[in-house]
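Enquirer:
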Amino acid sequence: MGKKDIILKAENISKQYRLGLVGTGTIGADLNRWWHSIRGKEDPYLKIGESNDRSTKGESNYVWALNDINFEVERGEVLGIIGKNGAGKSTLLKILSKVTSPTTGEIKTKGRIASLLEVGTGFHGEMTGRENIFLNGAILGMTKKEIKSKIDEIIDFSGCERYIDTPVKRYSSGMTVRLAFAVAAFLEPEILVVDEVLAVGDAEFQKKAIGKMQDISKGEGRTVLFVSHNMQSISSLTNRCIVLEKGNKIFDGNTSDSIDFYLKNNKVTEENDYKAEPIKDLPNILGVSVKTSNVSKVHIFGEPLEISFRLNVPFSLKGASLSFQIVDKHESPILHMWTFDSEKEMCRKPGVWKLKCVIPKLRLYMGDYTLKVYFTGPPGGEKYDIIEGVCPFKVEMFKIYREFEFRPNTCKYIEDSNWLINQE
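Just so you know, the sequence shown maps onto residues 188 to 611 in my numbering.
(1) Could you check whether residue 470 and residue 499 sit closer than 8 angstroms to each other, using their CB atoms as the reference points?
(2) If the criterion is Cβ atoms closer than 8 angstroms, does the pair residue 373 and residue 340 meet it?
(3) Which one or two residues does DSSP pair with residue 441 in a beta bridge?
(4) Give the straight-line distance between the Cα atoms of residue 331 and residue 321, rounded to the nearest whole angstrom.
(5) Find the nearest neighbour of residue 533 within the set 304, 504, 293, judged by alpha-carbon distance.
(6) Is the shortest distance between the beta-carbon of residue 481 and the beta-carbons of chain D less than 8 angstroms?
(7) Can you pull the DSSP bridge partners for residue 252?
(8) With DSSP collapsed to three states, give me the class of residue 504.
(9) With a 10 Å radius around its C-beta and 16 neighbouring C-beta atoms as the bar for buried, classify residue 486 as buried or exposed.
(10) Can you give me the C-alpha to C-alpha distance between residue 219 and residue 202, rounded to a whole angstrom?
(11) Please state the DSSP three-state secondary structure of residue 257.
(12) Following the continuous beta strand (DSSP E) through residue 580, name the residue where it begins and the one where it ends.
(13) By DSSP, does residue 138 sit in helix, in strand, or in coil?
(14) To the nearest angstrom, how far is it from the Cα of residue 200 to the Cα of residue 289?
(15) Mapping the DSSP letters down to three states, classify residue 342 as helix, strand or coil.
(16) Using 8 angstroms as the cut-off, can you tell me whether the region 275–285 makes contact with the region 431–441, which would need three or more C-beta pairs spanning the two stretches below that distance?
(17) Kindly list the residues whose CB is nearer than 7 angstroms to the CB of residue 253, restricted to its own chain and excluding five residues on each side of it in sequence; keep chain order.
(18) For residue 222, which residues from the same chain have a beta carbon less than 7 angstroms from its beta carbon, with the 5 sequence-adjacent residues on both sides left out?
(19) Assign residue 345 to buried or exposed, taking buried as 16 or more other Cβ atoms, counted over all protein chains shown, within 10 Å of its Cβ.
(20) Beta strand (DSSP E) containing residue 202: first to last residue?
(21) Once you ignore the five residues that flank residue 403 on each side, which residues in its own chain have a CB closer than 8 angstroms to its CB?
(22) Would you mind stating whether residue 195 and residue 260 have Cβ atoms separated by less than 8 angstroms?
(23) List the endpoints of the continuous alpha helix (DSSP H) containing residue 373.
(24) Indicate the three-state DSSP secondary structure (helix, strand or coil) for residue 422 in the structure shown.
(25) Can you name the residues that DSSP bridges to residue 499?
(26) Would you report the Cα separation of residue 343 and residue 574, rounded to the nearest angstrom?
(27) Mapping DSSP to helix, strand and coil, what is residue 285?
(28) Compute the distance between the beta-carbons of residue 465 and residue 547, then report whether it is under 8 angstroms.
(29) Would you kindly check if the distance between the Cβ of residue 397 and the Cβ of residue 424 is under 8 angstroms?
(30) Using 10 angstroms around the beta-carbon of residue 284, count the other beta-carbons present and answer buried if the total reaches 16, otherwise exposed.
(31) Compute the beta-carbon to beta-carbon distance between residue 413 and residue 370, rounded to the nearest angstrom, for a pair I have assumed lies under 8 angstroms.
(32) Kindly indicate which three-state DSSP category residue 277 falls into: helix, strand or coil?
(33) Along the chain, where does the beta strand (DSSP E) that runs through residue 296 open and close?
(34) Use the C-beta contact count for residue 365: other C-beta atoms within 10 angstroms, 16 or more gives buried, fewer gives exposed.
(35) Per DSSP, which one or two residues make a beta bridge with residue 411?
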């Protein structure tokens, strides 16, 4: 087995921020801190702060955005970095990109790093797109000749040819991102660092960008570090991920295992469930909840889905039924299920009735969905209660072992089928 070709190594990386004023409070203390820093000594005023937990109000003036992060990345590897907002992902990328320094620890790299962190980062607004390409190339240590050999590809990929000699400050955020990505990708850094900023671009550009990053890693043997909340993008691009939570690295493994771990740990409370009070002398829906294949309200294509209901029945109902639709984000119904499929009669006695619908293998196409629920009498009879837009959940398809790109206008439901194939 050959020796690993490590291109990036993070050793004991921690980052502390002071909340409020930057200074220590006195000129003397600030000068003392400065004197220690230029001699390479530890900050004499460094305090043990608090973890980066946005869910509680802290007592300290200091917060640790990252705590003792360690990992290695091999040449040609695509590493995903996932975690909730506030987990420390962007802080880590800024340290890896050398935009900011760690409070403790060290980053060791081989070769040039190009980063795409925020819209417009590294661009001078008064300079034209063309001038910014040369500026970024120079920052990466490239010669003018090297940049010229790539500039046509950069302009073509970005789609900004018409505006390339216009000051960047007049660009839309989408144009800025397209040009910034093209610059970072085509100027051939050994390490490309990409944050969630790609979400600003349109679907077509995102597809191009993912394809280019795949080419960079597989075809050109360069390294990519990629942050995204989109598990589909993470799944299609990366082969390994680290999971961050409150500034700590809590998992490091292959992409499929990392996504499973993240989704199971990213627990959502019952805020997404529907709850209502009983109405006197009127049947109504008391509660609706969706149990997805992951506790984080993310359903994995082809796995079981459970939907539970609670009904207030103040008096005996004859011929009552419950039905629901699964509705996409455009409010188009995709599926319709009803209790007619059950042989058991419901609501014949007063009280609270509980119902559960189990769909053994729900094959919705990836996307965002909600429920519309109907509590009604016999066909053509009274409609007791109708609620809509409740229990939002997401469907992901990352466990399908083939390249599956999001196509917004595609069919929304995919069913099993048996094929018999013979040659005559």
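The beta-carbon is built from N, C-alpha and C at its ideal position, and this holds for glycine as well. All figures in this text were calculated on a predicted structure; none of them were measured in a lab.
Expert: Put simply:
(1) yes
(2) yes
(3) 427
(4) 7 angstroms
(5) 504
(6) Reference to chain D is not applicable here, since this structure consists of a single protein chain.
(7) Paired residue(s): none; residue 252 is not in a bridge.
(8) coil
(9) buried
(10) 20 angstroms
(11) strand
(12) 570–583
(13) This structure cannot speak to residue 138, because the chain is shown only from 188 to 611.
(14) 6 angstroms
(15) helix
(16) yes
(17) 200, 201, 202, 275, 278, 279, 434
(18) none
(19) buried
(20) 193–205
(21) 372, 379, 409, 411
(22) yes
(23) 360–373
(24) helix
(25) 471, 539
(26) 49 angstroms
(27) coil
(28) no
(29) yes
(30) buried
(31) Actually they do not touch by this definition, with Cβ atoms about 17 angstroms apart.
(32) helix
(33) 291–296
(34) buried
(35) 265, 379
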